[in-house]
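A.B. asks:
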Amino acid sequence: MFQVIKKSKKSNARLTKLTTAHGTIAGPFFMPLATRGAVKHLSTDELADLGAQILLANTYHLLLRPGPGLLQRYRGLHQFMNWHGPILTDSGGFQVFSLGAYRKITEDGVAFSDPQNGNRYFLSPEKAIGIQRAIGSDIAMVLDECPAYPCTKTYAGRSLELTSRWAARCKKEHQKKKGTQLLFGIVQGSVFKSLRVASARQLTAIGFDGYAIGGVAVGEPRKKMVQVLNWTVPELPENKPRYLMGVGRPEEIVAAVRQGIDMFDCVIPTREARHGRLYVWNYLERGRREPLLSPRSEQRLRPSRLLKGEFYKTINITQAKFAKDLSPINHTNLKQYSRAYLHHLFKTNEPLGMRLATLHNLECYLVLMQRIRTSINQGVL
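The sequence shown: position 84 = 84 (UniProt numbering), numbered continuously.
(1) Below 7 Å CB to CB, which residues in the same chain sit around E126 once its five sequence neighbours on both sides are set aside?
(2) Could you round the C-beta distance between R277 and N316 to whole angstroms and report it? I think they count as a contact, below 8 Å.
(3) Just verifying my parser: in three-state terms, what is the DSSP assignment at K104?
(4) With DSSP as the reference, identify every bridge partner of T89, one or two as the case may be.
(5) Assign D265 to one of three DSSP states: helix, strand, or coil.
(6) Scan the region 145 to 205 and note each continuous alpha helix (DSSP H) run of 4 residues or more that stays entirely inside, going in chain order.
(7) Measuring CA to CA, which of V191, S11, T232 is closest to P221?
(8) If you follow the beta strand (DSSP E) that F122 is in, where does it begin and where does it stop?
(9) Can you say whether P86 is buried or exposed, counting buried as having 16 or more other CB atoms within 10 angstroms of its CB?
(10) Once the 5 residues before and after G287 are set aside, which same chain residues still bring their CB inside 6 Å of it?
(11) Assuming K313 is part of the beta strand (DSSP E), what are its boundary residues?
(12) Among D49, T180, K6, D108, which one has its Cα closest to the Cα of D138?
(13) Got a sec? Which residues, its chain only, sit under 8 Å from K240 by beta carbon, not counting five neighbours each side?
(14) Using the beta-carbon count (16 or more within 10 Å), is G23 buried or exposed?
(15) Are the region 5 to 17 and the region 44 to 63 touching by the rule of at least three beta carbon pairs closer than 8 Å?
(16) Going by beta carbon distance, what residues of the same chain come within less than 7 Å of P295, once the five residues before and after it are set aside?
(17) Would Q259 pass as a contact of V233 if the rule is Cβ separation under 8 Å?
(18) Could you have a look at Y341 and say whether DSSP puts it in helix, strand or coil?
(19) Given I372, which residues of its chain have a CB within under 7 Å of its CB, disregarding the five upstream and five downstream residues?
(20) Restricting to Cα atoms, I'd like to know which of E235, M225, G185 is closest to R201.
(21) Reducing DSSP to helix, strand and coil, say where A111 ends up.
(22) Decide yes or no for the touch test of the region 77 to 97 against the region 30 to 47: beta carbon pairs closer than 8 Å, at least 3 of them.
(23) Under 8 Å, do K9 and G246 count as touching if we go by C-beta distance?
(24) Residue range of the beta strand (DSSP E) that G69 falls in?
(25) What separation, rounded to the nearest whole angstrom, lies between the Cα atoms of K7 and D114?
(26) Give the C-beta separation of Y279 and Y312 to the nearest angstrom, bearing in mind that I take them to be a contact with Cβ-Cβ under 8 Å.
(27) What are the start and end residues of the beta strand (DSSP E) that includes residue 430?
(28) Mapping DSSP to helix, strand and coil, what is A320?
(29) Hey, out of A52, R65, H360, L182, whose CA is closest to N117's CA?
(30) Please list the segments of the beta strand (DSSP E) lying wholly inside the region 218 to 255, counting only runs of 3 or more residues, in order along the chain.
(31) Could you check how far apart the C-beta atoms of L71 and I135 are, in whole angstroms? I think they sit under 8 Å.
(32) Does the separation of the CB atoms of E238 and V4 fall below 8 Å?
(33) Got a sec, what are the start and stop residues for the alpha helix (DSSP H) V367 sits in?
(34) First and last residue of the alpha helix (DSSP H) that includes M31?
(35) For F122, does the count of other Cβ atoms within 10 angstroms reach 16, so buried, or fall short, so exposed?
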């Protein structure tokens, strides 16, 4: 069940509540990536402590290892990975289509090889649903074709028509044993307005529990993504969740929330953490330094500052200037560790460095979503 709790009077932002078999999620929300059944370097208990409401796993990777058979014997991924909250599974289409020469697309589905061992697989819309059913995810995604950027309008048009036909097959298969699992459609159409509108209308005619906007964050300029949302969001039902796939940086999330998006996922906070790049709040006000987590900080998240990305910066902890920096990594979950210590861990290739950086970046993203929800509720955003 999905509810819109409050709509902003200043933008298309909205407070939402999405109820799944494993819990209710307050939106807008961000999904950390547990691609293979784990968020790299973190336990599920730590993710819960950070405030993660839902995780994202990937059908393609779980198909290869450990395989749907084992997951089914464990009665699903939740029990296998010891996560008690909701899980969304991507259908694996993006990963399969990224294989290039290793895959072949037909009307029936996609044939592909595992690049690591050469094993052959075939993923049809029906199999994509069957695998996600075995995984036991709370939200399943249809199998779609995600065209690369740039591509011709002709190719993008053929691709979205195939995606729509596959979406209809996914829904038909899903309805055979629906249970409590939700199914989302995925809007495609590259950067062409007529195609995006057509895709959204075709999917809403089929009818899904929610709608994702795919084919963005694939190399297109940021202004193109804004245009895609401007074209697509008005075509989607107001009473269904809207999911922007693979986005993004904090200022992109804020902008998309203002355009009416409810759900996000992105590899950025965890991948950047593994390379020593940390997200740090800018919280100067009247010469005083206060962490974003302080109660007063909510008043500083004004739309003008958020949209310009002025509320944060990134630092590279491996730079020499942090070698003697005794200030804490942050003022919350890692206040007992200095930046100098984190610098040392990265320079000596200690895995703890990537772990601490991941904790820090994910907290930043999850706190950002909390503050976005607060700002909508207070009529600021």
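Quick reminder that beta carbons are idealized off the backbone N, C-alpha and C, glycines included.
Treat the numbers as computed from the prediction; the structure is a model and nothing was measured.
C.D. replies: Taking the definition as stated:
(1) Here the set comprises R169, E173.
(2) With a Cβ gap of about 6 Å, R277 and N316 count as contacting.
(3) Strand, per DSSP.
(4) A57, A140.
(5) In this structure, D265 counts as strand in the three-state DSSP scheme.
(6) You should have 153 to 176.
(7) P221 has its Cα closest to that of V191, out of V191, S11, T232.
(8) Residues 120 to 123.
(9) Flag for P86 reads buried.
(10) Because G287 sits at a pLDDT of 39, beneath the cut-off of 50, its placement in the model cannot be relied upon, and the following sentence gives the value as read from the coordinates. The same chain holds no residue with a CB closer than 6 Å to that of G287 once the five nearest residues on each side in sequence are set aside.
(11) Taken as a continuous stretch (DSSP letters only), the beta strand (DSSP E) holding K313 covers 312 to 316.
(12) With respect to the C-alpha of D138, the residue from D49, T180, K6, D108 having the closest C-alpha is T180.
(13) Contacts found: F2, F208, D209, G210, Y211.
(14) Burial call: exposed.
(15) Judged by Cβ distances under 8 Å, the region 5 to 17 makes no contact with the region 44 to 63, as fewer than three pairs qualify.
(16) Here the model assigns P295 a pLDDT of 43, short of 50, so the residue's position is not dependable, and the following value carries that caveat. Taking C-beta separations shorter than 7 Å and ignoring five residues to either side along the sequence, P295 has no partners in its chain.
(17) Yes, Cβ-Cβ distance for Q259 and V233 is below 8 Å.
(18) If DSSP states are grouped into helix, strand and coil, Y341 belongs with the helices.
(19) Excluding residues up to 5 positions away in sequence, P28, V254, V257, L381 lie with their Cβ nearer than 7 Å to the Cβ of I372 in the same chain.
(20) When only C-alpha atoms are compared, the closest one is E235.
(21) It is a strand residue.
(22) Counting Cβ pairs under 8 Å, three or more are found: they touch.
(23) For K9 and G246, no; Cβs fall outside 8 Å.
(24) Looking at the DSSP string, G69 is not in any beta strand (DSSP E); the run it does join, the alpha helix (DSSP H), is 68 to 73.
(25) Those two C-alpha atoms are separated by around 45 Å.
(26) About 6 Å; that satisfies the 8 Å criterion.
(27) The structure shown has nothing for residue 430, since the chain only spans 1 to 381.
(28) A320: helix per DSSP, three-state reduction.
(29) Ranking the options by Cα distance to N117, first place goes to R65.
(30) If we require 3 residues or more, the beta strand (DSSP E) runs fully inside the region 218 to 255 come out as 242 to 244.
(31) Rounded, the Cβ-Cβ distance is 6 Å, consistent with contact.
(32) Contact annotation: E238 and V4 have beta-carbon atoms nearer than 8 Å.
(33) That run of the alpha helix (DSSP H) goes 351 to 377.
(34) Going by DSSP, M31 is part of no alpha helix (DSSP H) but of the beta strand (DSSP E) stretching over 29 to 31.
(35) Here F122 is exposed: its Cβ has fewer than 16 other Cβ atoms, across all protein chains shown, within 10 Å.
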